[in-house]
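K.L.:
These protein sequences, in sequence, are chains A and B.
Taking our numbering, I'd label the letters of the first sequence as residues 73 to 292.
Taking our numbering, I'd label the letters of the second sequence as residues 73 to 292.
Number of protein chains: 2
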Amino acid sequence: MQVVVPFAAETPKTRLEGVLTRSERLRFARAMLADVLAAIDAAGHEPTVVSTSPLSFDGELESVPSSVSVEIDDRALTDAVDARLPDRGGDPIAVVMADLALATPAALESLFATDADVAIAPGRGGGTNALVVRTPEFRVDYHGTSYLDHCEIARKAGVSLEEVDSFRLGTDVDEPDDLVEVLIHGPGRAPDCLRTFGFALECDGGRVGAERLENPAKEP
Amino acid sequence: MQVVVPFAAETPKTRLEGVLTRSERLRFARAMLADVLAAIDAAGHEPTVVSTSPLSFDGELESVPSSVSVEIDDRALTDAVDARLPDRGGDPIAVVMADLALATPAALESLFATDADVAIAPGRGGGTNALVVRTPEFRVDYHGTSYLDHCEIARKAGVSLEEVDSFRLGTDVDEPDDLVEVLIHGPGRAPDCLRTFGFALECDGGRVGAERLENPAKEP
Chain A
73 MQVVVPFAAE TPKTRLEGVL TRSERLRFAR AMLADVLAAI DAAGHEPTVV
123 STSPLSFDGE LESVPSSVSV EIDDRALTDA VDARLPDRGG DPIAVVMADL
173 ALATPAALES LFATDADVAI APGRGGGTNA LVVRTPEFRV DYHGTSYLDH
223 CEIARKAGVS LEEVDSFRLG TDVDEPDDLV EVLIHGPGRA PDCLRTFGFA
273 LECDGGRVGA ERLENPAKEP
Chain B
73 MQVVVPFAAE TPKTRLEGVL TRSERLRFAR AMLADVLAAI DAAGHEPTVV
123 STSPLSFDGE LESVPSSVSV EIDDRALTDA VDARLPDRGG DPIAVVMADL
173 ALATPAALES LFATDADVAI APGRGGGTNA LVVRTPEFRV DYHGTSYLDH
223 CEIARKAGVS LEEVDSFRLG TDVDEPDDLV EVLIHGPGRA PDCLRTFGFA
273 LECDGGRVGA ERLENPAKEP
């Protein structure tokens with residue numbers, strides 16, 4: 073199965089700008105991408121990064137598996153993914169978001185092992201964090217409550233739909249509150265990256281959060 | 073398997089006090105409890121509610137399955153659960169939080185079907201949302217990052233531990249941001265309860281949220 077990983081190389085993780093500088097967000101986004109690619113490779117598939125601009129395979133991306141290929145596509149997410157969905161008789165396509173820092177090979181295998189025409193791992197807030205499409209009758213729409221929109225698109229097309237129930241695939245890392253999940257459950261480089269930036273777990277009585285203990289000098 | 077559902081009958085969902093009145097929080101907590109009990113029953117198990125005070129089986133709890141029993145225990149969560157963990161040779165015990173409004177029979181079956189000495193479905197922020205204990209060598213500690221604490225307790229006791237990877241079991245409903253998950257994915261009474269209160273989905277460009285469109289008169 074071809075596994076597509078869309079990556080916004082130039083505008084990484086803008087909703088983390090309150091807690092990370094631009095260069096930190098770039099490093100962190102690349103560390104999460106590296107973790108996702110390693111998990112897909114370990115699950116036995118060859119990932120294709122669909123990046124908005126060329127990627128340099130150094131730093132956080134230095135040791136990505138050799139199975140990884142890159143395609144440059146500067147279109148919006150929906151258009152870039154739609155262009156890669158299967159034609160009639162074509163192979164299934166999986167689409168895995170680049171910020172699923174908790175993804176493990178086992179969690180991804182539960183997605184790849186589905187057999188419905190469309191399988192979706194929903195994320196927080198109605199997102200579509202990971203997807204498998206096995207039919208030419210489906211198209212994507214990542215705007216808004218994409219999970220509900222994708223359910224509706226599948227229903228109208230008369231194709232079968234399966235929900236993949238995974239905490240790991242359901243956790244995309246977009247907002248400061250998500251960082252704690254990376255520190256607790258992240259299996260790869262992303263939690264090390266946050267610890268390098270000075271983040272650690274803190275407990276305020278309710279849910280545990282991620283607190284920045286050291287605050288490196290701000291960028292100009 | 074005995075399935076224990078702890079329920080704080082008198083102080084329901086205090087972290088929702090910014091968006092729901094006390095009587096609404098009580099109704100909503102009871103609706104979520106009813107959903108959890110129905111899912112456990114449909115998964116083929118008999119739930120025991122361990123409540124801090126007597127429960128009236130009317131309103132949201134009117135149609136709970138006849139398999140439900142209630143025990144009153146006003147101790148703190150950790151003590152009330154610890155007192156019910158299996159003795160040597162005793163039957164396994166599952167502990168399922170009363171605010172898992174997204175729980176389905178299938179998600180619970182993935183928990184009950186584990187065979188490790190201890191199986192944990194982690195929640196957001198390091199919580200322990202659902203648990204199966206099959207050994208007398210384990211005790212619980214729900215304070216702080218209970219997921220990490222429970223992993224450490226299992227490791228020190230030398231018992232086997234399995235993580236149950238479920239978005240549905242990983243979503244406990246504590247904070248206003250969690251309400252959107254109930255509206256999108258809740259299978260039972262809880263989303264109807266929120267809609268009765270005037271909540272609906274709204275999209276602000278990032279993740280979708282739950283917005284209160286009508287605001288009933290505040291309680292005195």
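For glycine and all other residues, C-beta sits at the position ideal for the given N, C-alpha and C.
1. Look at the Cβ atom of residue 241/B, then the Cβ atom of residue 175/B, and state whether they are nearer than 8 Å.
2. Under a three-way DSSP split, which group does residue 110/B fall into?
3. Spell out whether any CB of chain B is found under 8 Å from the CB atom of residue 161/A.
4. What does residue 237/A touch in chain B if you count any residue whose Cβ is under 7 Å from its own?
5. Could one say the Cβ of residue 252/B lies closer than 8 Å to chain A's Cβ atoms, at least one of them?
6. Have a look at 180/B, 172/B and 212/B and flag the residue whose alpha-carbon is nearest the alpha-carbon of residue 250/B.
7. Assign residue 256/A to one of two classes, buried (16 or more other C-beta atoms within 10 Å of its C-beta) or exposed (fewer than that).
8. What are the start and end residues of the alpha helix (DSSP H) that includes residue 218/A?
9. Please list, in chain order, all residues of the same chain as residue 152/B whose beta carbon is under 7 Å from its beta carbon, the five residues on each side excluded.
10. Residue ranges of each alpha helix (DSSP H) run of no fewer than 4 residues wholly in the region 74 to 142 of chain B, ordered along the chain?
11. Alpha carbon to alpha carbon, how far is residue 159/B from residue 261/A? Give it in angstroms, no decimals.
12. What did DSSP end up calling residue 300/A once you bin it into helix, strand or coil?
13. Does residue 207/B come within less than 8 Å of chain A when only Cβ atoms are used?
14. On the three-state DSSP scale, how would you describe residue 259/B?
15. For residue 177/A, which of 215/A, 107/A and 253/A has the nearest alpha-carbon?
16. For residue 218/B versus residue 199/B, is the C-beta spacing smaller than 8 Å?
17. Which of the three DSSP states, helix, strand or coil, is assigned to residue 178/B?
18. If you reduce the DSSP assignment to three classes, tell me which class residue 167/A lands in.
19. Nearer than 7 Å: is that true of the beta carbon of residue 216/A relative to any heavy atom of the ligand PLP?
20. Looking at the C-beta of residue 91/A, does it have a partner C-beta in chain B at a distance below 8 Å?
21. By Cβ distance below 6 Å, which residues in the same chain neighbour residue 115/B in space, the five residues on each side in sequence not counted?
22. With burial defined as no fewer than 16 other Cβ atoms inside 10 Å of the residue's Cβ, what is the status of residue 101/B: buried or exposed?
23. Smallest Cα separation from residue 197/B: which of 272/A, 117/A and 141/A?
24. Which residue wins for smallest C-alpha separation from residue 274/B, given the options 189/A, 226/A, 220/A and 135/A?
25. Using only alpha-carbon positions, find the residue among 238/B, 83/B, 75/B and 119/B that is nearest to residue 195/A.
26. Output, in sequence order along the chain, the residues in the region 212 to 224 of chain B whose CB is closer than 8 Å to any CB in chain A.
27. Go through its chain and collect everything with a Cβ distance to residue 234/A's Cβ below 7 Å, but skip five positions before and after it.
28. Measuring only between beta-carbons, confirm whether residue 280/B sits less than 8 Å from chain A.
29. Would you call the CB atoms of residue 204/B and residue 164/B closer than 8 Å?
30. In angstroms with no decimal places, state the Cα-to-Cα distance between residue 140/B and residue 225/B.
31. Kindly list, in the order they appear in chain A, the residues whose Cβ is closer than 8 Å to that of residue 194/B.
32. Considering only residues of the same chain and omitting the five flanking positions on each side of residue 109/A, which have a CB-CB separation below 6 Å?
33. What residues of chain B sit near residue 273/A, judged by a beta carbon separation below 7 Å?
34. By the DSSP assignment, the alpha helix (DSSP H) with residue 152/A in it spans what residues?
35. Which residues in the same chain as residue 84/A place their Cβ atom closer than 6 Å to its Cβ, once the five residues preceding and following it in sequence are excluded?
36. Against chain B, with Cβ distances strictly below 8 Å, would residue 73/A count as a contact?
P.N.:
The short version:
1. yes
2. helix
3. no
4. 179, 238, 239 and 240
5. yes
6. 172/B
7. buried
8. 218 to 229
9. 78, 122 and 145
10. 94 to 114
11. 41 Å
12. Lying before the first or after the last residue shown, residue 300/A is absent from chain A, which here runs from 73 to 292.
13. no
14. coil
15. 107/A
16. yes
17. helix
18. strand
19. With respect to the ligand PLP, the structure offers nothing, as it holds no ligand at all.
20. no
21. 177, 180 and 181
22. buried
23. 272/A
24. 220/A
25. 238/B
26. 216, 217, 219 and 220
27. 186, 188 and 191
28. yes
29. yes
30. 30 Å
31. 239, 256 and 257
32. 119, 136 and 140
33. 217
34. 149 to 154
35. 97, 98 and 101
36. no
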